[in-house]
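Below you'll find the structure, written out as structure tokens, and then a few comments.
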Amino acid sequence: MTGHRQCRVTPLSAPFQLSHAQALRIPCVLMRGGTSRGPVFLAQDLPAEPANRDRVLLAALGSPHPLQLDGLGGGNSLTSKVAIVSRSSRPGADVDYLFAQVAVERGNVDLSPNCGNMLSAVGPFAIEAGLVPAADGETLVRIHNRNTGALVEAAVQTPGGVVAYDGATAIDGVAGTAAPIKLNFLEAVGSKTGALLPTGRAREEIDGIPVTLLDYATPMLLLRAADLGLAGDEAPAALDADVALLGRLERIRREAGRRMGLGDVAGSVIPKVGVLSPARRGGGLTSRYFTPDRCHRSHAVTGALCVAAASRLAGSVAGEMLSPGTGSLVTVEHPSGAIQVDLVLDDAGQVARASLVRTARRIFEGHVIVPASTILALAERAETGGEQTHDDHAPPSLQPADGRRGQRLPA
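Going left to right, the sequence shown walks through residues -10 to 400 as this note's numbering numbers them.
This is the structure:
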């Protein structure tokens, strides 16, 4: 019988000395969260220094490469995401969650946005990693999102004190059904800018087009599809192929970022873009969500929250699109179906909190093997002025929670 060739690997519990290692062996769990997918890491298993951490993430996902063949990424922004989880020191929170959007074809890791889809995987992961004790029936995991500083509650099904993934809940954009995970966003106003309306106006013009610049869960630029010569229900592939449209949206987006106080957003994924039109299938309104250089095949959670909040704002572009008679439950129609956002309004009619339901699945658990040569090549590229960059819009760099390495996996 022929034996397997052994590959010498070095765990990150050892000092992070690339010159003495042939590979890095890093514990991780590959998870689907909502309509996104990516590896979930314990913070203590990654380098604390941001530049080294970013190089590890790029190598682990196989970037930069259009197919990400040499890593865990799927060649699409929706499958090139990372969640980093640790115990939280914030009062009222159980765990910290840092989201990283890893560029597919560029050596870039963007920490500026939150991802509500990957957020739905954080609760189950935290319970199974031993960071949060499971209750019998349902476990509430209080998540501090480090990208935005917001607090989100995730209600995870845990019958008998065990995370349940199987269930009868379906979400558009994902085949089959799974156990529901309810996300309750408690602090979504001004996620990056500190204000719901960063410019102080519900409507203004950029490039001759009426827009709304709103920051609820994520900063967004909202436009009417008709003002772009669109019907609003085009397929994502058709929109992605419209080079002139993408170029115009990017020019408007960069000006929107400047007005929102985000600075030069040429290398950042925020603000996101929502192209809106009336509902077709009995919902509240229709949205085509750009990430921002491609149209989402369904819709981002944080984007749906922002669109729904905007629809309740008098004078906004979204408000005029909302179907008459829509109550607190706003249905945002998207290319794969729809997503429902339940808004809680205060006495003044303003959005006080928002919630929605997602699902998640634990796909694979083990270790990702990251060749040291790949990380060194990325480091050399950065030192010589290559593309590898780090968008540091997050709070200060993560530090190991303690001296332990490796997460506890169920038997």
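For glycine and all other residues, C-beta sits at the position ideal for the given N, C-alpha and C.
The region 342 to 356 and the region 143 to 161 touch, with three or more beta-carbon pairs separated by less than 8 Å. Under the criterion of beta carbons closer than 8 Å, Arg342 and Leu175 qualify as touching, at roughly 6 Å. Ile364 and Ser52 have their alpha carbons spaced roughly 11 Å apart. Less than 8 Å divides the Cβ of Tyr205 from the Cβ of Cys295. Listed in chain order, the non-local C-beta contacts of Arg42 below 7 Å within the same chain comprise Leu35 and Pro36, local neighbours out to five positions each way being set aside.
A distance below 8 Å between beta-carbons, with the five flanking residues on each side excluded, links Leu334 to the following residues of its chain, in chain order: Arg301, Ser317, Val340 and Ala341. One Cα belongs to Ile116, the other to Leu19, and the distance between them is close to 15 Å. Nearest to Arg79 by C-alpha distance, out of Thr182, Ser109 and Asn134, is Asn134. With a minimum length of 3 residues, the unbroken runs of beta strand (DSSP E) contained wholly in the region 230 to 311 fall at 261 to 266 and 274 to 279.
Contact between Ser25 and Asn106 holds: CB atoms are separated by about 4 Å, below the 8 Å threshold. Residue pairing from DSSP leaves Gln11 without any beta-bridge partner. Counting C-beta pairs closer than 8 Å gives fewer than three between the region 276 to 287 and the region 190 to 202, which falls short of the contact rule.
Gly27 counts as buried, since no fewer than 16 other beta carbons sit within 10 angstroms of its beta carbon. Below 8 Å, too few C-beta pairs join the region 63 to 78 and the region 139 to 158 to call them touching: fewer than three. Per the coordinates, the alpha-carbon of Ala233 lies some 20 Å from the alpha-carbon of Arg286. C-alpha of Thr320 to C-alpha of Val330: approximately 6 Å in a straight line. Leu210 and Pro260 do touch by the CB rule: their CB atoms are close to 5 Å apart, below 8 Å.
By the CB criterion at 8 Å, Glu309 and Arg269 fall outside the cutoff. Secondary structure at Thr363: helix, using DSSP grouped into helix, strand and coil. Taking C-alpha positions only, Ile15 is separated from Val359 by approximately 8 Å. For Leu108, the closest of Gly119, Val141 and Ala303 by C-alpha to C-alpha distance is Val141. Look at Glu38 here: in three-state DSSP terms it is coil, with no helix or strand label. For Pro113, the enclosing alpha helix (DSSP H) stretches over residues Gly105 to Glu117. Taken atom to atom, the span from the alpha-carbon of Leu50 to that of Leu58 is near 9 Å. The alpha-carbon separation between Ala177 and Gln11 amounts to approximately 43 Å. Remark: C-beta atoms of Ala298 and Ile328 do not approach each other more closely than 8 Å. The continuous beta strand (DSSP E) containing Gln329 extends over residues Gly326 to Leu334.
Looking at the DSSP output, His356 bridges to Pro16. In the structure shown, Asp99 adopts extended strand secondary structure according to DSSP, grouped into three states. Counting C-beta atoms within 10 angstroms of its own C-beta, Gly246 has 16 or more neighbours from the protein chains shown and is therefore classed as buried. It is roughly 29 Å from the alpha-carbon of Thr128 to the alpha-carbon of Val357. With respect to the 8 Å criterion, Val93 and Ala32 are not classified as neighbours on the basis of their beta carbons.
Taking a 10 Å sphere around the C-beta of Val152, we find 16 or more other C-beta atoms and assign the residue as buried. By the beta-carbon neighbour count (other beta carbons within 10 angstroms, threshold 16), Pro55 is exposed. A residue is called buried once 16 or more other Cβ atoms fall within 10 Å of its Cβ, and Thr166, having fewer, is exposed. At the C-beta level, Ser69 and Val91 come within 8 Å of one another.
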